[in-house]
Amino acid sequence: METWRIVATVLLAAAGLPLVLVVMAKARDRTKSSGQVALAGVVTLTVLAILAVVMLTVLPGVATWIIVAVVATAVSVMMLAS
Numbered sequence: 238m239e240t241w242r243i244v245a246t247v248l249l250a251a252a253g254l255p256l257v258l259v260v261m262a263k264a265r266d267r268t269k270s271s272g273q274v275a276l277a278g279v280v281t282l283t284v285l286a287i288l289a290v291v292m293l294t295v296l297p298g299v300a301t302w303i304i305v306a307v308v309a310t311a312v313s314v315m316m317l318a319s
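All residue numbers for the sequence shown refer to my numbering, where the first residue is 238 and numbers rise by one.
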């Protein structure tokens, strides 16, 4: 496995974990339902896990780095907006 794939996946995980928490907080603010909050967290975490596996195995380099940049930007915007 190439080193750049591991670095990109670690960066995705570092940006993705706060993303899960922000998504759960937004769901709590909008729905006030613990079930919906848990569902939002599970869905976000599952999507991140699938992305990480695909990035580690088959995704081309350009697409991998674009995904990392998009996730990092989304987390930054969400943190600044809240």
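Even glycine gets a Cβ: it sits at the ideal position worked out from N, Cα and C.
In the three-state reduction of the DSSP assignment, Val295 falls in the coil class. Secondary structure of Ser271 (DSSP, three-state): helix.
For the pair Val257 and Leu282, the CB atoms are nearer than the 7 Å cut-off. Taking 7 Å as the cut-off, the beta carbon of Ala245 is found no closer than this to the beta carbon of Val284.
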